[in-house]
Amino acid sequence: MVVEIGKIIKNEKLSETLFDLHFYAPKVAKEALPGQILQVKCGDKVTLRRPISICDADAKTGILRICFDVRGEGTKYLSERKAGDEIDVLGPLGKGYEIQKLGDRVLLAGGGIGTFPLFFTANQLKEKGILPDVVLAFRSAELVNMKEEFEFLGCRVFISTDDGSQGFCGYACNLVETLLQENIYSSVCLCGPLPMMKTTAPLAIAHGIPCYASLEERMGCGVGACLACVCSIKDESENGFHHERVCADGPVFDAKTVKWEDCGK
Amino acid sequence: MNLSVNIAGITLKNPIVTASGTCGFGDEYTPFYKSSDLGAIAVKGLTLAPRLGNPVIRIAEVSSGILNSIGLQNPGVHVFMEKELPRLKREGVTVIANISGNSISDYCEMAQILSNTAVDMIEMNISCPNVKEGGVAFGVKPKTVAEITREVRKYCKKPLIVKLSPNVADIAQNALAAESEGADVLSLINTLIGMKIDIHTRRPVLHNNIGGLSGPCVKPVAVRMVWQVANSVNIPIIGMGGIETGEDAVEFLLAGASAVAIGTAAFTNPYAPITVLQGIEQYMKENGIDDVNDLVGKVQSY
């Protein structure tokens with residue numbers, strides 16, 4: 031975990047609000063693991079850094095990639111950065127998807143901008159000789175992203191859209207349920223909006239398949255000190271749960287330990 | 023150049039303290055600096071029994087600051103003593119144990135327990151705005167500040183710091199009340215109570231509805247309160263509220279603080295305590311000051 035001033039290589043606009051930012055930050059790139067996050071400083075006008083998942087990292091070239099949606103002042107600032115500008119990142123942070131635990135038939139399921147961190151995961155799996163299957167779920171065809179990139183890796187890619195404008199018509203959970211019927215998967219990795227993960231995680235769990243989900247929460251320090259970004263994890267205590275830190279203990283958690291009803295309250 | 027300060031008989035190697043609740047138990051920031059490089063670490067607020075803290079959302083950003091309502095999530099004083107304190111002392115850290123409770127007897131019990139440990143000082147938080155049990159009931163009026171300080175003093179064998187709330191009519195009166203009943207040190211300010219509403223959902227952003235405001239936006243209020251309190255009492259002050267740079271810290275020293283605490287700034291810059299320390303050194307060099315203590319209370323007020 032370091033603070034590094036990186037150099038932006040390109041900042042490409044993917045859609046009206048979506049940006050694909052590549053930058054050189056060799057110290058962070060060397061340490062980065064799939065599913066980990068960065069806390070990105072967004073100028074001097076906002077107090078808090080913005081947590082953004084690592085979309086890809088290359089230890090050899092020192093290049094990292096983050097994709098983000100413009101949601102507010104911080105991400106707007108970031109969207110306006112150009113090639114050659116500096117980017118101040120703190121990271122890599124937290125615990126991501128543990129590649130060695132996933133087995134050899136992995137299903138990655140991403141919803142919306144949750145598809146991006148799964149790309150790093152797919153890349154790392156491929157290096158181990160494992161090509162995961164990938165579900166990419168979106169509201170509608172015009173929001174579909176990353177399809178070609180996963181296909182280029184050699185993954186089987188399944189698209190679902192809520193309105194049926196591309197691929198399977200329905201939610202991520204419906205498509206995942208269909209795939210789980212094949213009984214071939216050793217693990218499922220989820221990343222996406224809370225409703226998507228809340229509906230999909232129980233399906234994998236019901237099939238007895240290890241399921242890992244990347245959670246999101248409003249974050250403060252990013253290093254586990256301030257206890258702002260907690261989630262509820264089930265345990266044997268009197269309360270039946272305790273709080274863990276999304277930034278340091280997560281963002282990826284074993285889905286069967288997550289007290290999903292407490293998320294996003 | 024002398025950077026060390028003496029607070030109630032305890033020597034801090036420099037005037038930099040981390041504010042309670044912003045640095046956990048001092049190990050999260052080890053990738054950036056050693057806790058023993060700082061004057062002291064004020065650990066996460068402790069209660070007698072473990073606390074889960076408030077439901078999320080616990081943090082919200084506002085102009086030049088943040089609102090938080092963590093709700094004193096902590097493992098309890100006993101776990102702190104067994105798991106965290108031995109490590110901190112091995113590392114040579116000067117430790118300030120921050121305590122909160124439901125009742126005066128809770129505070130007394132914790133003060134008594136901690137007095138038999140290696141903690142260096144005890145900071146009594148009577149101003150947590152985020153939980154009913156945060157002691158805020160004791161921190162508002164001079165009469166109750168006096169009462170709780172008097173009782174806890176009987177059990178506290180360590181230097182006793184009383185952390186004052188800014189959410190009061192006249193902070194100098196509360197400071198005097200704490201001093202008169204035996205407080206050794208005052209720390210201020212705790213967070214200012216604030217609120218943020220999401221106009222699209224028409225709901226408060228924080229699950230607790232309200233929370234504590236910190237960061238650069240509170241600094242002028244904090245400097246003013248440190249100045250007012252310093253003009254009223256004769257015990258040392260640990261000043262805090264929005265400090266990000268050496269210049270900010272020097273303002274607090276000039277206003278009358280003997281040491282300063284860094285909190286929210288570390289969320290933006292994990293090196294903040296070191297940045298502030300270096301900034302103070304730089305200011306001293308530029309102004310030919312050999313001893314940091316020579317800055318304390320040296321504002322030339324009109």
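Keeping their order, the protein sequence lines are chains A and B.
Going left to right, the first sequence walks through residues 31 to 295 as this note's numbering numbers them.
Going left to right, the second sequence walks through residues 23 to 324 as this note's numbering numbers them.
Glycine is no exception: its CB is placed at the ideal position from the N, C-alpha and C atoms.
If you're wondering where the values come from, they're calculated on a predicted model, not measured in any experiment.
Which first and last residues belong to the beta strand (DSSP E) in which Asp284 of chain A is found?
-> In the first sequence, counting from the first residue as 1, residue 284 of chain A sits at position 254. That run of the beta strand (DSSP E) goes Val282 to Asp284.
Going by beta carbon distance, what residues of the same chain come within less than 7 Å of Ile88 of chain B, once the five residues before and after it are set aside?
-> The residue labelled residue 88 of chain B in the question sits at position 66 within the second sequence. So the list reads Ile81, Ala82, Ser236, Gly237 and Thr286, once near-sequence residues are dropped.
Alpha carbon to alpha carbon, how far is Asp206 of chain B from Ala283 of chain B?
-> The count along the second sequence starts at 1 and reaches residue 206 of chain B at position 184. The count along the second sequence starts at 1 and reaches residue 283 of chain B at position 261. If you take the alpha carbons of Asp206 of chain B and Ala283 of chain B, they lie about 17 Å apart.
Could you please give the first and the last residue of the uninterrupted alpha helix (DSSP H) stretch that includes Tyr54 of chain A?
-> Working through the first sequence from its first residue, we reach residue 54 of chain A at position 24. It is not in any alpha helix (DSSP H) - Tyr54 of chain A instead sits in the beta strand (DSSP E) that spans Leu48 to Tyr54.
How long is the line joining the alpha carbons of Ala19 of chain A and Phe283 of chain A, rounded to whole angstroms?
-> Lying before the first or after the last residue shown, residue 19 of chain A is absent from chain A, which here runs from 31 to 295.
Among residues of its own chain, excluding the 5 on either side of Val141 of chain B, which ones have a beta-carbon nearer than 8 Å to its beta-carbon?
-> Numbered from its first residue, the second sequence carries residue 141 of chain B at position 119. For Val141 of chain B, where only same-chain residues beyond five positions count, the Cβ hits under 8 Å are Leu107, Val117, Ile118, Ala119 and Lys180.
What residue range is occupied by the uninterrupted alpha helix (DSSP H) comprising Ala243 of chain A?
-> Indexing the first sequence from 1 puts residue 243 of chain A at position 213. Here Ala243 of chain A belongs to no alpha helix (DSSP H); instead the beta strand (DSSP E) covers Cys241 to Ser244.
Where does the unbroken alpha helix (DSSP H) through Asn247 of chain B begin, and where does it stop?
-> Counted from its first residue, the second sequence places residue 247 of chain B at position 225. The amino acid occupying residue 247 of chain B in the given sequence is Met; Asn does not appear at that position. Per DSSP, Met247 of chain B belongs to the alpha helix (DSSP H) from Lys241 to Ala252.
Mind pulling the chain B residues with CB within less than 7 Å of Met226 of chain A?
-> Position 196 of the first sequence, counting from 1, holds the residue named residue 226 of chain A. Under the 7 Å cutoff, chain B gives no residues; its nearest Cβ is about 19 Å from Met226 of chain A.
Label Ser323 of chain B either buried or exposed according to how many other C-beta atoms from any shown protein chain fall within 10 Å of its C-beta, with 16 as the threshold for buried.
-> In the second sequence, counting from the first residue as 1, residue 323 of chain B sits at position 301. Its Cβ having fewer than 16 others within 10 Å, Ser323 of chain B is exposed.
Please check if any C-beta of chain A sits within less than 8 Å of the C-beta of Gly75 of chain B.
-> For the purposes of this step, residue 75 of chain B is taken as residue 53 along the second sequence, with counting starting at 1. Residue-level contact check: Gly75 of chain B touches chain A, since one or more beta carbons of chain A fall below 8 Å from its beta carbon.
DSSP on Leu228 of chain B, reduced to helix/strand/coil?
-> On the second sequence, position 206 is the one that residue 228 of chain B refers to. In this structure, Leu228 of chain B counts as coil in the three-state DSSP scheme.
Just reading off the alpha helix (DSSP H) that Ser122 of chain B is part of, what are its end residues?
-> Counting from one through the second sequence, the residue named residue 122 of chain B turns up at place 100. Segment: none, Ser122 of chain B is in no alpha helix (DSSP H) and carries neither H nor E.
Verify whether the separation of the beta carbon atoms of Lys185 of chain B and Asn147 of chain B is less than 8 Å.
-> For the purposes of this step, residue 185 of chain B is taken as residue 163 along the second sequence, with counting starting at 1. For the purposes of this step, residue 147 of chain B is taken as residue 125 along the second sequence, with counting starting at 1. Yes, the pair counts as a contact, with Cβ atoms nearer than the cut-off.
Please name the residue or residues paired with Ala64 of chain B in a DSSP beta bridge.
-> Translated into the one-based positions of the second sequence, residue 64 of chain B becomes position 42. BP columns for Ala64 of chain B point to B:Ile118.
C-alpha distance - Met306 of chain B paired with Gly133 of chain A, whole-angstrom precision | Here residue 306 of chain B refers to the residue found at position 284 when the second sequence is read from its first residue. Here residue 133 of chain A refers to the residue found at position 103 when the first sequence is read from its first residue. Rounded to the nearest angstrom, the two C-alpha atoms are 59 Å apart.
For Val260 of chain A and Val65 of chain B, believed in contact at Cβ under 8 Å, the rounded distance | In the second sequence, residue 65 of chain B corresponds to position 43, counting from 1. In the first sequence, residue 260 of chain A corresponds to position 230, counting from 1. The pair is not a contact, with the Cβ atoms about 18 Å apart (cut-off 8 Å).
Phe182 of chain A by DSSP, collapsed to three states: which one?
-> Counted from its first residue, the first sequence places residue 182 of chain A at position 152. Three-state result, Phe182 of chain A: helix.
If we cut at 8 Å on Cβ distances, does Asn90 of chain B have a partner in chain A?
-> Here residue 90 of chain B corresponds to residue number 68 of the second sequence, with the count starting at 1. Asn90 of chain B counts as touching chain A.
Looking only at its own chain, which residues have a Cβ that is under 7 Å from the Cβ of Ile296 of chain A, when we skip the five neighbours before and after it?
-> Any answer about residue 296 of chain A is impossible in this case: the structure gives chain A only from 31 up to 295.
Separation of Lys106 of chain A from Ala71 of chain B, as counted between CA atoms | Indexing the second sequence from 1 puts residue 71 of chain B at position 49. Indexing the first sequence from 1 puts residue 106 of chain A at position 76. In this structure, the alpha-carbon of Ala71 of chain B lies about 43 Å from that of Lys106 of chain A.
Which same chain residues, not among the five before or five after Glu207 of chain A, have their C-beta less than 8 Å away from its C-beta?
-> Within the first sequence, numbered from 1, the residue matching residue 207 of chain A stands at position 177. Hits under 8 Å: Leu233.
How about the stretch 215-227 of chain A and the stretch 177-195 of chain A: do they share at least three Cβ pairs that are nearer than 8 Å?
-> no
Note down the Cα distance separating Ile193 of chain B from Glu172 of chain A, rounded to an integer number of angstroms.
-> Here residue 193 of chain B is taken as the residue at index 171 of the second sequence, counted from 1. Here residue 172 of chain A is taken as the residue at index 142 of the first sequence, counted from 1. The alpha-carbon atoms of Ile193 of chain B and Glu172 of chain A are separated by roughly 58 Å.
Label Met226 of chain A either buried or exposed according to how many other C-beta atoms from any shown protein chain fall within 10 Å of its C-beta, with 16 as the threshold for buried.
-> Stepping through the first sequence from its first residue, residue 226 of chain A is reached at position 196. Looking at its Cβ environment, which holds 16 or more other Cβ atoms inside 10 Å, Met226 of chain A is buried.
So does the stretch 249-268 of chain B actually touch the stretch 221-241 of chain B, counting three or more Cβ pairs closer than 8 Å?
-> yes
Chain A contact for Ile121 of chain B (CB, 8 Å cutoff) = For the purposes of this step, residue 121 of chain B is taken as the residue at position 99 of the second sequence. So, not an interface residue.
Under 8 Å (Cβ pairs) to chain A, residues found in the stretch 209-238 of chain B | His229, Gly237 and Pro238
Residue range of the unbroken alpha helix (DSSP H) whose run includes Met227 of chain A = Your numbering for residue 227 of chain A matches position 197 in the first sequence. First-last of the alpha helix (DSSP H) with Met227 of chain A: Leu224 to Ala236.
How big is the Cα-Cα spacing for Leu299 of chain B and Val272 of chain B?
-> The residue given as residue 299 of chain B occupies position 277 in the second sequence. The residue given as residue 272 of chain B occupies position 250 in the second sequence. Spanning the two alpha carbons is a distance of roughly 10 Å.
If we call anything under 8 Å between Cβ atoms a contact, is Phe53 of chain A one with Gly36 of chain A?
-> Working through the first sequence from its first residue, we reach residue 53 of chain A at position 23. Working through the first sequence from its first residue, we reach residue 36 of chain A at position 6. Yes. Within cutoff.
For Arg109 of chain B, decide whether its Cβ has a neighbour in chain A, counting only Cβ atoms nearer than 8 Å.
-> If you number the second sequence from 1, residue 109 of chain B lands on position 87. Answer no: the Cβ-Cβ gap between Arg109 of chain B and chain A never drops below 8 Å.
Quick one: which chain B residues come within Cβ less than 9 Å of Arg79 of chain A?
-> In the first sequence, the residue the question calls residue 79 of chain A occupies position 49. What Arg79 of chain A touches in chain B: Phe289 and Thr290.
In terms of DSSP beta bridges, what is Val39 of chain B paired with?
-> Within the second sequence, residue 39 of chain B is the residue found at index 17, counting from 1. B:Ala62 and B:Ala283, per the DSSP bridge assignment.
Give the C-beta separation of Ala30 of chain B and Pro258 of chain B to the nearest angstrom, bearing in mind that I take them to be a contact with Cβ-Cβ under 8 Å.
-> Numbered from its first residue, the second sequence carries residue 30 of chain B at position 8. Numbered from its first residue, the second sequence carries residue 258 of chain B at position 236. Ala30 of chain B to Pro258 of chain B, Cβ: 7 Å. Contact.
Validate contact between the stretch 94-111 of chain B and the stretch 45-53 of chain B using beta carbons, cut 8 Å, 3 pairs | In short, these stretches touch, since the Cβ pair count reaches three.
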